[in-house]
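In the working numbering, the protein residues as written are 21 to 204.
Step one of this worksheet: look at the structure below.
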């Protein structure tokens, strides 16, 4: 079997295992009469985004766990632009995503504001899914060739650990947008 096919199978197995272990597959039903499950996907999206923000802030403050297999040489060199944009900036963007998840968990306002909120949820879903799938395809097919210097260890951890989390985030924001409800 081709290497990229094995990679796809391993990535899918990792994604399913992560979803099952976090209880996502068990919590897919929101009972409209049970106040504890209303907005469940929005709360999960909020938690997902805040967890990513915390990780990026940890890296921005000098932490290194997981960064070398995520960012490669940039993790060791830590140029100023990478710390400001790639760590602090992405961390702040993740906090904005956390607020979006929290708002999707609440009854959304009627009219334009509600439609904008729901559209932002769908945009977050699309961006995260495209990012996860595009990087997965690029790494599995080696489409970039020698243009991108990726070590075998970085490729493995990106495929098995980081990319599945982007896919999970995309699915969670999509479910949060789909399940968001209007106020009243």
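Where a beta carbon is used, it is the ideal one built from N, C-alpha and C, also for glycine.
In the DSSP assignment, no residue is bridged to residue 175. When the beta-carbon positions are compared, residue 145 and residue 100 stay at least 8 angstroms from each other. Rounded to whole angstroms, the gap between the alpha carbons of residue 157 and residue 163 is 8 angstroms. With contacts defined as CB atoms closer than 8 angstroms, residue 61 and residue 201 fail to qualify as a contacting pair. If you compare the alpha carbons of 197, 96, 178 with that of residue 151, the shortest gap goes to 178.
For residue 86, no alpha helix (DSSP H) run applies, since DSSP gives it neither H nor E.
Going by beta carbons, residue 66 and residue 122 fall inside the 8 angstroms limit. Put simply, the backbone Cα of residue 68 is about 20 angstroms away from that of residue 81. Scanning the stretch 98 to 159 from its first residue to its last, no whole beta strand (DSSP E) run of 3-plus residues comes out.
196 is the residue among 95, 196, 175, 71 whose C-alpha sits nearest the C-alpha of residue 139. Assignment of residue 63 by DSSP, reduced to helix, strand and coil, places it in the helix class. No Cβ-Cβ contact shorter than 8 angstroms links residue 160 with residue 190. Around the Cβ of residue 132, a 10 Å sphere holds fewer than 16 other Cβ atoms; the residue is exposed. A direct Cα-Cα distance of roughly 9 angstroms separates residue 118 from residue 63.
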